[in-house]
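*Asks:* Please read through the structure below; I'll follow up with questions.
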Amino acid sequence: MVQKPYPTPLVIQPLHEEHTYTIISLHGRGSNAERYGCELLQYGNLQARLLTVKFIFPTARKRRATIFKRMPINQWFDNYSLDGPGQKVDLQVEGHCETAGFIRGLIDEEGLILGEGGHQKIIVGHFTLLGGWNDSDAEKFIGAFVGMSGWLPFEQQLRDILRCDDSPVASQNEQHETQSDDSDTDEDESSEQETDSDEDVDESTATVSDSESDDDPFQRTSSVHDDVNVFEGDEEEAPVLVQAINHIRDILDLSSISTNKESSENELSLTCLYHLQTPVFLGHFRHPW
Numbered sequence: 001m002v003q004k005p006y007p008t009p010l011v012i013q014p015l016h017e018e019h020t021y022t023i024i025s026l027h028g029r030g031s032n033a034e035r036y037g038c039e040l041l042q043y044g045n046l047q048a049r050l051l052t053v054k055f056i057f058p059t060a061r062k063r064r065a066t067i068f069k070r071m072p073i074n075q076w077f078d079n080y081s082l083d084g085p086g087q088k089v090d091l092q093v094e095g096h097c098e099t100a101g102f103i104r105g106l107i108d109e110e111g112l113i114l115g116e117g118g119h120q121k122i123i124v125g126h127f128t129l130l131g132g133w134n135d136s137d138a139e140k141f142i143g144a145f146v147g148m149s150g151w152l153p154f155e156q157q158l159r160d161i162l163r164c165d166d167s168p169v170a171s172q173n174e175q176h177e178t179q180s181d182d183s184d185t186d187e188d189e190s191s192e193q194e195t196d197s198d199e200d201v202d203e204s205t206a207t208v209s210d211s212e213s214d215d216d217p218f219q220r221t222s223s224v225h226d227d228v229n230v231f232e233g234d235e236e237e238a239p240v241l242v243q244a245i246n247h248i249r250d251i252l253d254l255s256s257i258s259t260n261k262e263s264s265e266n267e268l269s270l271t272c273l274y275h276l277q278t279p280v281f282l283g284h285f286r287h288p289w
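For the sequence shown, UniProt numbering gives the first residue as 1, with consecutive numbering after it.
In structure tokens, the structure reads:
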């Protein structure tokens with residue numbers, strides 16, 4: 001069966017003649033690019049704040065929604081329940097796979113427009129990020145990922161693979177809570193001593209020059225992460241991480257990643273994991289639009 005094509009995305013060109021970054025933002029279930037994109041830009045006055053940024057708002061193609069008695073609506077993937085998104089996740093696979101391919105295409109096209117290092121000037125929000133690309137090009141990790149009022153698809157499956165329930169984090173948290181009770185008194189005493197130094201810091205911060213306040217809002221403050229090795233010092237855990245990423249890549253119909261130096265034709269090397277260096281912001285909005 002031939003799938004219907006995705007509608008043409010809504011593209012908002014930058015107000016400034018210079019084009020430095022692109023934001024690709026996806027609407028919610030049942031909405032579309034025009035409704036969501038226009039309201040988003042007006043709500044935050046984003047164009048005036050980000051003069052050199054292009055905004056791309058794709059529209060999901062029509063899919064039959066299980067939660068609405070199979071009524072066709074614009075949705076990136078089907079879902080069994082909004083209250084329990086982890087139920088019957090098999091319904092989500094087809095949509096995630098198709099949508100990820102569509103979004104990767106948009107990112108690649110925009111990367112060519114932006115020129116050298118173009119992918120790193122793109123900000124996007126979708127499950128696509130976790131899977132990466134179908135090649136080992138280190139230049140293809142995007143500039144940032146933004147998630148708004150969302151949830152992680154296939155969370156329980158990933159927790160099982162990563163053995164999150166067996167992690168020592170829980171016991172460490174319990175130990176920390178016990179120690180925090182004993183340290184409350186010490187913190188109260190030290191906080192009074194720190195008040196004077198905090199005021200000095202506030203005064204020095206207030207003297208920041210106007211030129212510094214005009215810095216690029218998307219400029220990384222440090223290059224410390226540019227050469228990050230996601231497996232450095234964690235050789236034993238690397239296979240578990242690769243298993244989780246490969247699970248996602250399998251869902252997105254991408255080649256698996258191999259930990260072996262000699263990968264087969266159907267596998268890629270660990271260099272494909274450069275996308276894990278992408279900065280991530282996840283948040284919830286107090287006022288819906």
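The C-beta atom is built at its ideal place from N, Cα and C for all residues, glycine as well.
Determine the direct distance from the alpha carbon of residue 252 to that of residue 98, and round the result to whole angstroms.
*Replies:* As a first step, residue 98 must be located in the sequence shown, where it is residue number 98. As a first step, residue 252 must be located in the sequence shown, where it is residue number 252. Those two C-alpha atoms are separated by around 8 Å.
*Asks:* Which residue wins for smallest C-alpha separation from residue 245, given the options 62, 155, 105?
*Replies:* Taking the sequence shown and counting its residues from 1, the one referred to as residue 245 is at position 245. Answer by Cα proximity: 155.
*Asks:* How would you label residue 96, buried or exposed, when you count the other beta carbons within 10 angstroms and need 16 or more for buried?
*Replies:* Numbered from its first residue, the sequence shown carries residue 96 at position 96. When all chains shown are included, residue 96 counts as buried.
*Asks:* Using the three-state DSSP reduction, which class does residue 49 fall into: helix, strand or coil?
*Replies:* Indexing the sequence shown from 1 puts residue 49 at position 49. Note: residue 49 maps to helix in three-state DSSP.
*Asks:* Using DSSP with H/G/I as helix, E/B as strand and the rest coil, what is residue 280?
*Replies:* Position 280 of the sequence shown, counted from the first residue, corresponds to residue 280. In this structure, residue 280 counts as strand in the three-state DSSP scheme.
*Asks:* Identify which residue in 152, 47, 67, 5 has its Cα closest to the Cα of residue 11.
*Replies:* Reading the sequence shown from its first residue, position 11 is the one you call residue 11. Out of 152, 47, 67, 5, 47 has the C-alpha closest to the C-alpha of residue 11.
*Asks:* Along the chain, where does the beta strand (DSSP E) that runs through residue 64 open and close?
*Replies:* Start at 1 with the first residue of the sequence shown, and residue 64 comes out as number 64. Run containing residue 64: 62-65, per the beta strand (DSSP E) assignment.
*Asks:* Given 8 Å as the limit, is there contact between the segment 45-62 and the segment 146-163, that is, 3 or more CB pairs closer than that?
*Replies:* The way I'd put it, the segment 45-62 doesn't touch the segment 146-163; fewer than three beta-carbon pairs between them come closer than 8 Å.
*Asks:* Just to check my reading of the structure: residue 28 and residue 36 have Cβ atoms closer than 8 Å, yes? What is that Cβ distance to the nearest angstrom?
*Replies:* In the sequence shown, the residue the question calls residue 28 occupies position 28. In the sequence shown, the residue the question calls residue 36 occupies position 36. Indeed, because the Cβ distance is near 7 Å, the residues count as touching under 8 Å.
*Asks:* Can you give the Cα-Cα distance for residue 247 and residue 8, rounded to whole angstroms?
*Replies:* Numbered from its first residue, the sequence shown carries residue 247 at position 247. Numbered from its first residue, the sequence shown carries residue 8 at position 8. Computed Cα separation, rounded: 30 Å.
*Asks:* Would you report the Cα separation of residue 73 and residue 64, rounded to the nearest angstrom?
*Replies:* For this step, residue 73 is matched to residue 73 along the sequence shown. For this step, residue 64 is matched to residue 64 along the sequence shown. Between the C-alpha atoms of residue 73 and residue 64 there is a straight-line separation of about 6 Å.
*Asks:* What first and last residue would you give for the beta strand (DSSP E) that runs through residue 145?
*Replies:* Residue 145 sits at position 145 when you count from the first residue of the sequence shown. Start and end: 144-148.
*Asks:* Within 10 angstroms of its Cβ, does residue 143 collect 16 or more other Cβ (buried), or is it exposed?
*Replies:* Taking the first residue of the sequence shown as position 1, residue 143 is located at position 143. Under this definition residue 143 is a buried residue.
*Asks:* How would you label residue 119, buried or exposed, when you count the other beta carbons within 10 angstroms and need 16 or more for buried?
*Replies:* Locating residue 119 in the sequence shown gives position 119, where the first residue counts as 1. Classification of residue 119: buried, given that the 10 Å Cβ count is 16 or more.
*Asks:* Quickly, what does DSSP pair residue 74 with across the bridge? List them, please.
*Replies:* For the purposes of this step, residue 74 is taken as residue 74 along the sequence shown, with counting starting at 1. Answer is 62.
*Asks:* CB residue 14 to CB residue 52, shorter than 8 Å?
*Replies:* Position 14 of the sequence shown, counting from 1, holds the residue named residue 14. Position 52 of the sequence shown, counting from 1, holds the residue named residue 52. Yes. Within cutoff.
*Asks:* State the Cα-Cα distance for the pair residue 34 and residue 26, rounded to the nearest angstrom.
*Replies:* As a position in the sequence shown, residue 34 is number 34, starting the count at 1. As a position in the sequence shown, residue 26 is number 26, starting the count at 1. Each residue's alpha carbon lies about 11 Å from the other.
*Asks:* Can you give the Cα-Cα distance for residue 104 and residue 254, rounded to whole angstroms?
*Replies:* Locating residue 104 in the sequence shown gives position 104, where the first residue counts as 1. Locating residue 254 in the sequence shown gives position 254, where the first residue counts as 1. Approximately 12 Å, taken between the alpha carbons.
*Asks:* Should residue 79 go down as buried or exposed, given a rule of 16 or more other Cβ atoms within 10 Å for buried?
*Replies:* Here residue 79 corresponds to residue number 79 of the sequence shown, with the count starting at 1. Buried, because 16 or more other Cβ atoms sit within 10 Å of the Cβ of residue 79.
*Asks:* Helix, strand or coil for residue 80, going by three-state DSSP, please let me know.
*Replies:* Here residue 80 is taken as the residue at index 80 of the sequence shown, counted from 1. Three-state DSSP puts residue 80 in coil, outside helix and strand.
*Asks:* So for residue 154, helix, strand or coil by DSSP?
*Replies:* Within the sequence shown, residue 154 is the residue found at index 154, counting from 1. Note: residue 154 maps to coil in three-state DSSP.
*Asks:* Give every residue of the same chain whose Cβ lies closer than 7 Å to the Cβ of residue 81, excluding the five residues on either side of it in the sequence, and list them in chain order.
*Replies:* Residue mapping note: residue 81 aligns to position 81 of the sequence shown, counting from 1. Excluding sequence neighbours, residue 81 sits near 67, 87.
*Asks:* Determine the contact status of residue 24 and residue 107, defining contact as a CB-CB distance below 8 Å.
*Replies:* Position 24 of the sequence shown, counting from 1, holds the residue named residue 24. Position 107 of the sequence shown, counting from 1, holds the residue named residue 107. The answer is yes: Cβ separation under 8 Å.
*Asks:* Tell me residue 22's beta-bridge partners as DSSP assigns them.
*Replies:* As a first step, residue 22 must be located in the sequence shown, where it is residue number 22. 54, 122.
*Asks:* Would residue 258 and residue 249 be called neighbours here (beta carbons separated by less than 8 Å)?
*Replies:* Taking the sequence shown and counting its residues from 1, the one referred to as residue 258 is at position 258. Taking the sequence shown and counting its residues from 1, the one referred to as residue 249 is at position 249. The answer is no: Cβ separation not under 8 Å.
*Asks:* Would you call residue 117 buried or exposed, if buried means 16 or more other Cβ atoms sit within 10 Å of its Cβ?
*Replies:* Taking the first residue of the sequence shown as 1, we reach residue 117 at position 117. The residue in question, residue 117, is exposed, as its Cβ has fewer than 16 Cβ neighbours within 10 Å.
*Asks:* Starting from residue 106, trace the alpha helix (DSSP H) both ways and give me its first and last residue.
*Replies:* The residue given as residue 106 occupies position 106 in the sequence shown. Run containing residue 106: 90-114, per the alpha helix (DSSP H) assignment.
*Asks:* From the DSSP output, read off the bridge partner residues of residue 10.
*Replies:* By one-based count along the sequence shown, residue 10 stands at place 10. 57.
*Asks:* Starting from the C-beta of residue 61, find all residues in its chain whose C-beta is less than 6 Å away, skip the five residues before and the five after it, and write them out in chain order.
*Replies:* Translated into the one-based positions of the sequence shown, residue 61 becomes position 61. In chain order, 4, 6 place their CB closer than 6 Å to the CB of residue 61, counting only its own chain and leaving out the 5 sequence neighbours on each side.
*Asks:* At a cut-off of 7 Å, is residue 51 close to the ligand NAP when judged by its beta-carbon and the heavy atoms of the ligand?
*Replies:* Absence of the ligand NAP is noted for the structure shown, with no ligands found whatsoever.
*Asks:* Can the beta-carbon of residue 283 be found less than 8 Å from the beta-carbon of residue 71?
*Replies:* As a working mapping, residue 283 is identified with position 283 in the sequence shown. As a working mapping, residue 71 is identified with position 71 in the sequence shown. Not closer than 8 Å, so no.
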